[in-house]
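In my numbering, the protein residues as written are 3 to 314. We put the beta carbon where it would ideally sit given N, CA and C, even for glycine. Treat the numbers as computed from the prediction; the structure is a model and nothing was measured.
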């Protein structure tokens, strides 16, 4: 199987599902949204098909789909209860939602993202059998790829030092603490879409599971700590999460004793990906990438505080 075979066939499947949902489909707004080794996503009218990573577990993906289907107030609802198999890949189908506009940062739905996370984290019981959220595993994968570079640049050193200073659970080398909370596992603004009625929903269930809810706040926290997210936007996000009763951080006071380790881990993950990408493109890190690498260097000089354990 090659990606070239996958793309036309998943496109045909998306068209078939779309025509089942709307026989009078005008076949407008179609095309490839992503086509990478780890994910292929195509759209046909109001239907989206996604081929998940090649190593995806069918049983675990089915559990994650079921968990999302149980929370239509939080997640975009899948169009079927189980993934389909296509060229050795698992494929799921979804209604189309309008993504966040990356060219309009002032319209970023920080409050909506925070409220959705609070609703998710406040779920009384996680579905039985749901696996752990995959946040630390994804960070570890990014570091593994960085280490695998044949000729690692100097920028890799502070990233790897910062990684070594994290506790074992944040490096996916030990069980997650407090694993009773339902978590998204990979929250960023690209994981939100707007429905026709204007409501926002989360997408992407690949990392959904039980785990440390502070991890879902860690990427915006890391951006803020690196100087890439204005303080006003971070305050909007954190304030909305607290106002909605989100349990990941204290209701008031300093949130950083809980957020520090997850934010460090997401900073390392981001930096590892940036350095790997820069090497692959044969260039030096740009200004934004260097800011994240510099944050890793600062982290290495200041060990994580011995604050309350996340999820407790």
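With a threshold of 6 Å on Cβ separation, who are the neighbours of residue i within its own chain once the five nearest residues in sequence on each side are excluded?
i: residue 274; result: 144, 145, 148, 161
i: residue 224; result: 265, 268, 269
i: residue 257; result: 251
i: residue 226; result: 236
i: residue 141; result: 267, 271
i: residue 177; result: none
i: residue 40; result: 55
Give the DSSP bridge partners of residue i, in chain order.
i: residue 315; result: This structure gives no information on residue 315, because the portion of the chain shown stretches from 3 to 314.
i: residue 269; result: Answer is none; residue 269 lacks a bridge partner.
i: residue 261; result: According to DSSP, residue 261 bridges with nothing at all.
i: residue 50; result: 45, 96
i: residue 202; result: 196
i: residue 77; result: 204
Helix or strand or just coil, what does DSSP make of residue i?
i: residue 21; result: helix
i: residue 60; result: helix
i: residue 168; result: coil
i: residue 82; result: coil
i: residue 35; result: strand
i: residue 196; result: strand
i: residue 3; result: Only weak support is given to the placement of residue 3: the predicted model assigns it a pLDDT of 44, under 50, and the question is left unresolved by the model.
i: residue 43; result: strand
i: residue 88; result: strand
i: residue 97; result: strand
i: residue 220; result: helix
i: residue 142; result: helix
i: residue 280; result: helix
i: residue 134; result: strand
i: residue 160; result: helix
i: residue 180; result: coil
i: residue 253; result: coil
i: residue 124; result: coil
i: residue 313; result: At residue 313, the pLDDT of 49 sits below 50, so the modelled position is not reliable and the matter cannot be decided from this model.
i: residue 298; result: helix
i: residue 173; result: helix
i: residue 66; result: helix
i: residue 241; result: helix
i: residue 190; result: coil
i: residue 288; result: coil
i: residue 108; result: helix
i: residue 10; result: helix
i: residue 151; result: coil
i: residue 227; result: helix
Only counting the same chain, and skipping five residues up and downstream in sequence, which positions put a Cβ closer than 8 Å to that of residue i?
i: residue 205; result: 77, 78, 96, 99, 193, 194, 195
i: residue 254; result: 244
i: residue 231; result: 222, 225
i: residue 9; result: 34, 37, 42, 44
Find out if the Cβ-Cβ distance for the pair residue i, residue j is shorter than 7 Å.
i: residue 202; j: residue 101; result: no
i: residue 210; j: residue 187; result: yes
i: residue 23; j: residue 35; result: no
i: residue 242; j: residue 154; result: no
i: residue 80; j: residue 94; result: yes
i: residue 135; j: residue 82; result: no
i: residue 281; j: residue 216; result: no
i: residue 189; j: residue 218; result: yes
i: residue 42; j: residue 12; result: yes
i: residue 85; j: residue 63; result: yes
i: residue 317; j: residue 120; result: Residue 317 lies beyond the range of the chain shown here (3 to 314); nothing can be said about it.
i: residue 54; j: residue 92; result: yes
i: residue 113; j: residue 238; result: yes
Assuming the contact rule is C-beta atoms closer than 8 Å, residue i and residue j should be a hit. Round their C-beta distance to whole Å, please.
i: residue 132; j: residue 73; result: Actually they are not in contact, since the Cβ atoms of residue 132 and residue 73 sit about 12 Å apart, beyond 8 Å.
i: residue 70; j: residue 49; result: Rounded, the Cβ-Cβ distance is 17 Å, inconsistent with contact.
i: residue 184; j: residue 125; result: 5 Å
i: residue 168; j: residue 263; result: 6 Å
i: residue 172; j: residue 138; result: 6 Å
i: residue 293; j: residue 228; result: 5 Å
i: residue 61; j: residue 15; result: About 22 Å separates the two Cβ atoms, so there is no contact after all.
i: residue 25; j: residue 68; result: Wrong, their Cβ atoms sit about 28 Å apart, outside the cutoff.
Residues in the same chain with beta-carbon distance under 7 Å from residue i, minus the five sequence neighbours each way, listed in chain order, please.
i: residue 3; result: With a pLDDT of only 44 at residue 3, under the threshold of 50, the placement of this residue in the model should not be trusted; the figure read from the coordinates follows. The answer, listed in chain order, is 89, 90.
i: residue 163; result: 302
i: residue 157; result: 277, 287, 295
i: residue 27; result: 20, 21, 47
i: residue 298; result: 160, 161, 164, 269, 270, 273
i: residue 17; result: 46
i: residue 109; result: 103
Using a Cβ cut-off of 7 Å (strictly closer), state whether residue i contacts chain C.
i: residue 138; result: Checking the listed chains, one finds no chain C in this structure; it contains a single protein chain.
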